[in-house]
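Undergrad: Can you read through this structure? Questions will come right after.
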Amino acid sequence: MLHKWEGIVLKVRAYGESNKIVTLLTREAGKVATMARGAKKPSSRLASVTQPFTYGMFMVQHHTGMGTLQQGEHLNSMRHIREDIMATAYASYIMELVERVVEEGKPEPFAFDVLLHALQAIEEGYDPEAITLFVEWKMLPYTGVQPILHACASCGAVDGEFAFSFAQGGFLCHRCYQHDPYIIRLTPTQLKLIRMFYTVPIDQIGKIDLKKETKYFIKKIITTIYEEQTGIRFKTRKFIEQLERTPELQIRSKEEMPEDQ
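According to the UniProt record's numbering, the residues represented by the sequence shown are 1 to 261, in order.
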């Protein structure tokens, strides 16, 4: 059966001399693996639409198992993401995260919208590090981890001072600090930001300007959750860490950003 799906190219790997196996995240069918025959050839009509980050409409012959990609049409090739090294790094991490946690074979419209809005925000020049935090918190439930962030995980209180507890799986109010000797105390701003990352749709945030220290603090929490509670470790994170240790690369990426972005 031939399907027309709205999708994003999540992952690409070579198959043989001229073919590609392309993993799409589609709005209608979820994550789908497809064979793009001849797509490695520069002259192929599938060459440009099977690049990572591509958002488009895809015609897929699909019954059971792997489908066959027949043709594609660009909706957005994400040019800025491809040309800016920091944007590429964070977008690649987001793609790997979504590809790893979303199961194949069923529609996942929430995950699709999270990915699409994240890529569009980075493409439009939003802070890719902040956008990545949104994705990390929003995709947690797909790993089986659902932190309690609307109230105290112990007593249910919604008022008072709060801290984050890995042991209790969410926020603890000051009345319940004794339940975890390793709590991470939070300022009201940090509390609000974590809740925003988890609950507010990316396309509704507008411009967001966060201090480097704030992003680092919240990133340490979410990274610990993924590494210690889900057991998932991401290859692309190493690339980001390398960039963070190489300031001249960050400076160069800003200098090379196209003027029309």
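All residues carry an ideal CB built from backbone N, CA and C; glycine is no exception. Bear in mind that the values here come from a model prediction, so they are computed numbers and not experimental data.
To the nearest angstrom, how far is the alpha carbon of valine 101 from that of arginine 82?
TA: In a straight line, the C-alpha of valine 101 is about 24 Å away from that of arginine 82.
Undergrad: Report the CB separation of phenylalanine 134 from isoleucine 202 in whole angstroms; it is logged as a contact under 8 Å.
TA: About 5 Å separates the two Cβ atoms, so the contact holds.
Undergrad: Thinking glutamate 123 and methionine 78 are a contact (beta carbons under 8 Å), I'd like their distance in whole angstroms, please.
TA: The Cβ separation is near 5 Å, so the contact holds.
Undergrad: Which two residues bound the contiguous alpha helix (DSSP H) that contains proline 117?
TA: Reading the sequence as shown, one finds histidine at residue 117 and not proline. Unbroken alpha helix (DSSP H) run through histidine 117: 109-123.
Undergrad: Starting from the N-terminal side, write out each stretch of the alpha helix (DSSP H) that is 4 residues or longer and does not extend beyond the region 8-85.
TA: For the region 8-85, whole alpha helix (DSSP H) runs of length 4 or above, ordered along the chain, are 79-83.
Undergrad: Please list, in chain order, all residues of the same chain as histidine 179 whose beta carbon is under 8 Å from its beta carbon, the five residues on each side excluded.
TA: Answer for histidine 179: Ser154, Ser165, Ala167, Gln168 and Leu172, listed in chain order.
Undergrad: Could you spell out the range, first to last residue, of the alpha helix (DSSP H) harbouring phenylalanine 217?
TA: Taken as a continuous stretch (DSSP letters only), the alpha helix (DSSP H) holding phenylalanine 217 covers 212-224.
Undergrad: Under the three-state reduction of DSSP, which class applies to leucine 149: helix, strand or coil?
TA: Leucine 149 falls in the coil class under three-state DSSP.
Undergrad: Please go through the same chain and pick out, in chain order, the residues whose beta-carbon is closer than 7 Å to the beta-carbon of residue 270, but skip the five residues on each side of it.
TA: Nothing about residue 270 can be reported from this structure: the residues present for the chain run from 1 to 261 only.
Undergrad: Whole angstroms are fine: how far does the CA of glutamate 6 sit from the CA of arginine 37?
TA: One C-alpha to the other measures close to 20 Å.
Undergrad: Within its chain, find whatever has a CB closer than 6 Å to the CB of lysine 106; leave out the 5 residues flanking it on each side and keep chain order.
TA: Cβ neighbours of lysine 106 beyond the five flanking positions: Gly30.
Undergrad: Considering only DSSP beta bridges, list what alanine 163 is partnered with.
TA: Leu172 and Arg185.
Undergrad: Using C-beta distances below 6 Å, list every residue in its chain close to serine 18, excluding the 5 sequence neighbours before and after it, in chain order.
TA: Cβ within range, chain order: Gly38, Lys40 and Lys41.
Undergrad: Assuming glycine 67 contacts methionine 57 under a Cβ cut-off of 8 Å, what Cβ separation, rounded to an integer in Å, is found between them?
TA: Contact doesn't hold; Cβ gap of about 15 Å is too wide.
Undergrad: When you compare only the Cα positions, how much space is there between glutamine 51 and leucine 186?
TA: Roughly 41 Å between the two C-alpha positions.
Undergrad: Just to confirm before moving on: does the CB-CB distance between tyrosine 55 and leucine 119 stay below 8 Å?
TA: Against a cut-off of 8 Å, the Cβ pair of leucine 119 and tyrosine 55 comes out as a contact.
Undergrad: Which residues bound the alpha helix (DSSP H) around lysine 106?
TA: Here lysine 106 belongs to no alpha helix (DSSP H), and DSSP marks it neither H nor E.
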